Structure formats: structure tokens, C-alpha cells
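Peer 1:
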């Protein structure tokens, strides 16, 4: 019986949007120097521990694609880019300062997972749309069949992927995984039994 495939889900390093205090989502914000250092530190930790990957699959947004290149160059791993791993489409909030967004697009106290992300304008991905995309992205990685794959993406879509592998629906109030800068979850998947196992959850990178 073949060994389970190893799939590691990592969030990008700190981006400029974090320092600008603006909504990120599809806002294509680059890494900061500190963010690059975080990712280099993570890659060095893996190198020192003998961890490697057969393939890196990355979001096409620059903060994730640059993070992937840093790891790929450090560990000598090829990279493929998949737009399905982009962050949640947050509609008109992308790039807006938090205070401006709150005034211009006030969010209701409750939104169900069938509603668009910004109900007042009908824009942005609903919870189910995000989860469907996460399932498609995860399926693509599984179908590649590589022994060990690193996915470099974003907190929202990584949560959607985690919900898929755990069988959790995207209803408000369900568990949320706080992917910090350059943090990761290492999983394994046995396609013969459809068994997912969470192997490791990282602390914040230095």
C-alpha cells in the first residue's frame, strides 16, 4: 500500500497591508522586509530539520508567490502557481483602511454562509463559495499525487481547505485556525482510505 501523501499548508509572511492597517483579501500587497525574514527563518528551520518537499503550490498573489519563491530557492523545490489558492474575494473592501470600510460598508451583526462577503453591495465570496474553491484547490493538490507538497497561501483560503479535510461546514461560529505569519499545518492524506491526519501545527516564525 502506498505511503500517505504529505500536504503542508503555510500562510505567507507579513505583508505591507498589515502595516498599512487595510483590508487585504484580493488587495495584492507585497511582503515587508520583516515578512521576507519570517519566511527565510521558516525555510531555514525546515532545512536544518531535514524537511523537504517535492513541489510547492502557491497562490498567484504576490505576498504568497514571493513567500513560495523564498522557500523554493532555499530548499531547491519547484513551484507551481494556482489562482484557486488566492485569498477570499472581499469585494470593495480590498485595500480600504479599516475605519473607512466600516463607515462605507457597515457589516451586519450576522451573515449566513450563503450571503456575499459584503451583503450591502452583493460583492465578494460567500462562505460556501470560498469553501467550494478551497475544496477544488485541495483536490488539485491531491490529484497531483506528489509524496510531499507545500501549499503557500492565505488565512481565509487555508481555513476553507482545513474545513474540507475535517468535514466542517463554513457556518458562523465554527472553529477557525489562526494561521500567523509563515505558520503552517502539516497533514497527511491516505487516498486508499480517505483518511486525513493532522501531524503538526507550527508556532509563529521569528
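Numbering (the working numbering), first residue to last: 86 to 291.
Each residue gets a CB set at the ideal place from its N, CA and C atoms; glycine is no exception.
Computed from a prediction, not measured in an experiment: that's the story for all the values here.
So the candidates are 166, 175, 203, 186; which of them puts its Cα closest to the Cα of residue 225?
Peer 2: Here residue 225 corresponds to residue number 140 of the chain shown, with the count starting at 1. Nearest of 166, 175, 203, 186 to residue 225, Cα basis: 166.
Peer 1: Could you check whether the Cβ of residue 92 sits closer than 6 Å to any heavy atom belonging to the ligand GTP?
Peer 2: No copy of the ligand GTP appears in this structure; indeed no ligand is present at all.
Peer 1: Is the separation between the beta-carbon of residue 147 and that of residue 168 shorter than 7 Å?
Peer 2: As a working mapping, residue 147 is identified with position 62 in the chain shown. As a working mapping, residue 168 is identified with position 83 in the chain shown. The answer is no: Cβ separation not under 7 Å.
Peer 1: Measure the Cβ-Cβ separation of residue 263 and residue 219 and say whether it is below 7 Å.
Peer 2: One-based indexing of the chain shown puts residue 263 at position 178. One-based indexing of the chain shown puts residue 219 at position 134. Their beta carbons are not under 7 Å apart, which means residue 263 does not touch residue 219 by this criterion.
Peer 1: Using the beta-carbon count (16 or more within 10 Å), is residue 320 buried or exposed?
Peer 2: Absent from the structure is residue 320, since the part of the chain shown begins at 86 and ends at 291.
Peer 1: Provide the residue(s) that pair with residue 237 in DSSP beta bridges, ordered along the chain.
Peer 2: The count along the chain shown starts at 1 and reaches residue 237 at position 152. According to DSSP, which records beta bridges pairwise, residue 237 is partnered with 95, 143.
Peer 1: From the DSSP secondary-structure annotation, give me the bridge partner or partners of residue 280.
Peer 2: Reading the chain shown from its first residue, position 195 is the one you call residue 280. Its beta-bridge partners are 275.
Peer 1: Report all residues from its chain with a CB closer than 7 Å to the CB of residue 102; omit the five preceding and five following residues, and keep chain order.
Peer 2: For the purposes of this step, residue 102 is identified with residue 17 of the chain shown, where counting begins at 1. 109, 112, 114, listed in sequence order.
Peer 1: With 16 other CB atoms within 10 Å as the buried threshold, where does residue 251 fall?
Peer 2: Taking the chain shown and counting its residues from 1, one reaches residue 251 at position 166. So residue 251 counts as exposed.
Peer 1: DSSP state of residue 248, grouped into three classes?
Peer 2: Residue mapping note: residue 248 aligns to position 163 of the chain shown, counting from 1. It is helical.
Peer 1: Take residue 207 and list the residues in its own chain whose beta-carbon comes closer than 8 Å to its own, dropping the five residues that flank it on each side.
Peer 2: Here the question's residue 207 lines up with position 122 in the chain shown. So the list reads 201, once near-sequence residues are dropped.
Peer 1: For residue 216, which of helix, strand or coil comes out of DSSP?
Peer 2: Reading the chain shown from its first residue, position 131 is the one you call residue 216. Helix, per DSSP.
Peer 1: So what does residue 286 bridge to, in DSSP terms?
Peer 2: Along the chain shown, one-based indexing puts residue 286 at 201. Paired residues: 270.
Peer 1: Distance, Cα to Cα, residue 187 vs residue 123?
Peer 2: The residue you call residue 187 lines up with position 102 of the chain shown. The residue you call residue 123 lines up with position 38 of the chain shown. Those two C-alpha atoms are separated by around 30 Å.
Peer 1: What are the boundary residues of the beta strand (DSSP E) that residue 165 is part of?
Peer 2: Along the chain shown, one-based indexing puts residue 165 at 80. Looking at the DSSP string, the run of the beta strand (DSSP E) that includes residue 165 is 164-166.
Peer 1: Taking just the CA atoms, how far does residue 191 sit from residue 175?
Peer 2: On the chain shown, position 90 is the one that residue 175 refers to. On the chain shown, position 106 is the one that residue 191 refers to. Distance between the alpha carbons of residue 175 and residue 191 is about 13 Å.
Peer 1: According to DSSP, residue 116 sits in a beta bridge with which residue or residues?
Peer 2: Position 31 of the chain shown, counting from 1, holds the residue named residue 116. DSSP, once it has assigned bridges, lists 100 as partnering residue 116.
Peer 1: Assuming contact is defined by CB atoms lying nearer than 7 Å, are residue 255 and residue 204 in contact in what I supplied?
Peer 2: The sequence position of residue 255 within the chain shown is 170, counting from 1. The sequence position of residue 204 within the chain shown is 119, counting from 1. Not a contact, by the Cβ cut-off of 7 Å.
Peer 1: Using the rule of at least 16 other Cβ atoms within 10 Å of the residue's Cβ for burial, across every protein chain shown, is residue 157 buried or exposed?
Peer 2: Taking the first residue of the chain shown as 1, we reach residue 157 at position 72. Buried, by the Cβ-count rule.
Peer 1: Hey, how far is the Cα of residue 98 from the Cα of residue 128?
Peer 2: Position 13 of the chain shown, counted from the start, is the residue given in the question as residue 98. Position 43 of the chain shown, counted from the start, is the residue given in the question as residue 128. Their backbone Cα atoms lie some 12 Å apart in a straight line.
Peer 1: Do residue 300 and residue 196 have their C-beta atoms within less than 7 Å of each other?
Peer 2: Within the shown structure, residues of the chain are numbered from 86 to 291, placing residue 300 beyond reach of any answer.
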